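Engineer: Here it is, the structure in full.
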Amino acid sequence: MSSVLLLIGSPSRISRSSALAKAIGQQLTERGVDVSFASLRDIPAEDLIAGRWDGEPAKAFAARLAQVDALVVSTPVYKASFSGALKALLDLLPERALADKIVLPIATGGTLAHLLAVEYALKPVLSALGARHILGGVFATESQVRLSSDALNYGEFDAEVSSRIGQSVEHLAELLAFANARKHTATGTKAPQVRCSA
Ligand SMILES: Cc1cc2nc3c(=O)[nH]c(=O)nc-3n(C[C@H](O)[C@H](O)[C@H](O)COP(=O)(O)O)c2cc1C
2 MSSVLLLIGS PSRISRSSAL AKAIGQQLTE RGVDVSFASL RDIPAEDLIA GRWDGEPAKA
62 FAARLAQVDA LVVSTPVYKA SFSGALKALL DLLPERALAD KIVLPIATGG TLAHLLAVEY
122 ALKPVLSALG ARHILGGVFA TESQVRLSSD ALNYGEFDAE VSSRIGQSVE HLAELLAFAN
182 ARKHTATGTK APQVRCSA
């Protein structure tokens, strides 16, 4: 079975970018993908600030990441870039932690002004960690995401955003199915199916 880790990169407990990641996780689960969640809030703030890459929380996160086929990483836009706390977490990862991973970046911002923050700020960092399959990603403005009032980060999205979520899930599912088939061809075993419409 293909596996995906969703990394929540917003410091806020109630978060629109997390709602986008959650919706993507739900759709991937419906397609038979094994989805798990991690949040930068799982790592103690002292470890993030001190760059404690050899602490147990950072090592546990890196070990979970090493197990999966793909990473979905969500972040708010802060000061024309991705969140600094997310950078502090990515800094704790070993070199080439994203080699062989498919990566889907997700971001929300106050306005469209910083639509390209993922392109010029986040993608180079993902690439420095060895990622070679970085998908186009999904960006939404705050006004395109309505959060439920229960603080669980379930959201409703504008039609345009919903459509981009659907396209990204489809693209990711296709790449996962391809990677899965290649892995099983190499080992001579039968690949379980990831459902994609192509
Ligand atoms: C400290 C801070 C800085 C921000 N800087 C920007 C910015 O530079 N550009 C922008 O479009 N939105 C900016 N915003 C708005 C957030 O990107 C927006 O509210 C986003 O949806 C928050 O995501 P979250 O709910 O997942 O935390 C900023 C918000 C905060 C709290």
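When the letters of the sequence shown are read in order and numbered with the numbering used here, they come out as residues 2 to 199. Backbone N, C-alpha and C define an ideal beta-carbon position, used for all residues, glycine too. None of the values given here were measured: they were computed from a predicted structure.
Can you tell me whether I166 is buried or exposed, with buried defined as 16 or more other CB within 10 angstroms of its CB?
Structural biologist: So I166 ends up on the buried side.
Engineer: What is the rounded straight-line gap between the Cα of H185 and the Cα of L116?
Structural biologist: If you take the alpha carbons of H185 and L116, they lie about 38 Å apart.
Engineer: What do you get for K23, buried or exposed, if any count of 16 or more other CB atoms within 10 angstroms of its CB means buried?
Structural biologist: Counting Cβ neighbours within 10 Å, K23 comes out buried, since at least 16 surround it.
Engineer: Given the structure, does T188 come close to ligand 1, in the sense that its CB is under 7 Å from one of the ligand's heavy atoms?
Structural biologist: Result no, Cβ not under 7 Å from ligand 1.
Engineer: Quick check on the DSSP output: the alpha helix (DSSP H) that includes P125 runs from which residue to which?
Structural biologist: Run containing P125: K124 to A129, per the alpha helix (DSSP H) assignment.
Engineer: For G137 and Q168, I'd like the C-alpha separation in whole angstroms.
Structural biologist: G137 and Q168: Cα-Cα distance of roughly 10 Å.
Engineer: Spatial neighbours of S37 within its chain, please: C-beta separation below 6 Å, excluding the five flanking residues on both sides.
Structural biologist: Closer than 6 Å at the Cβ level, and outside the excluded window around S37, lie L6.
Engineer: Less than 7 Å separating the Cβ of H172 from some heavy atom of ligand 1?
Structural biologist: Outside the cutoff, so no.
Engineer: Figure out for me which residue from S82, I103, L29 and F62 has the closest Cα to the Cα of D43.
Structural biologist: D43 has its Cα closest to that of F62, out of S82, I103, L29 and F62.
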